[in-house]
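What follows is one structure encoded as structure tokens, with my remarks underneath.
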Amino acid sequence: MSAFAGEGVYTYVRDGALTLAGLRGSRAAQLIGRRGARNQVAEDARHLLLTGRLKD
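This is the structure:
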């Protein structure tokens, strides 16, 4: 038994760029993928998460 037991292998950075798991965390990335939440992987959402500002 472990307080931080987890399952799966996740890539957080690929070719020098953050993956969805690196940007959101593995559990959130898994949920976004399962639900097909395309609005959560759009470029404007990524920009907001990386900069804290809305895209012009």
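Reading the sequence shown from the start, the letters are residues 1 to 56 in full-length UniProt numbering.
Note that beta-carbon positions come from the ideal geometry of N, C-alpha and C, so glycine has one too.
If the criterion is Cβ atoms closer than 8 Å, does the pair tyrosine 10 and alanine 21 meet it? In the sequence shown, residue 10 corresponds to position 10, counting from 1. In the sequence shown, residue 21 corresponds to position 21, counting from 1. The Cβ atoms of tyrosine 10 and alanine 21 sit closer than 8 Å to each other.
Along the chain, where does the alpha helix (DSSP H) that runs through arginine 24 open and close? Within the sequence shown, residue 24 is the residue found at index 24, counting from 1. Residues 20-24.
Taking the CB atoms as reference points, tell me whether leucine 23 and leucine 48 lie closer together than 8 Å. On the sequence shown, residue 23 is found 23 positions in, with the first residue counted as 1. On the sequence shown, residue 48 is found 48 positions in, with the first residue counted as 1. The Cβ atoms of leucine 23 and leucine 48 lie no closer than 8 Å to each other.
Give the straight-line distance between the Cα atoms of alanine 37 and aspartate 56, rounded to the nearest whole angstrom. As a first step, residue 37 is located in the sequence shown; it is residue number 37 there, counting from the start. As a first step, residue 56 is located in the sequence shown; it is residue number 56 there, counting from the start. Whole-angstrom Cα-Cα distance: 23 Å.
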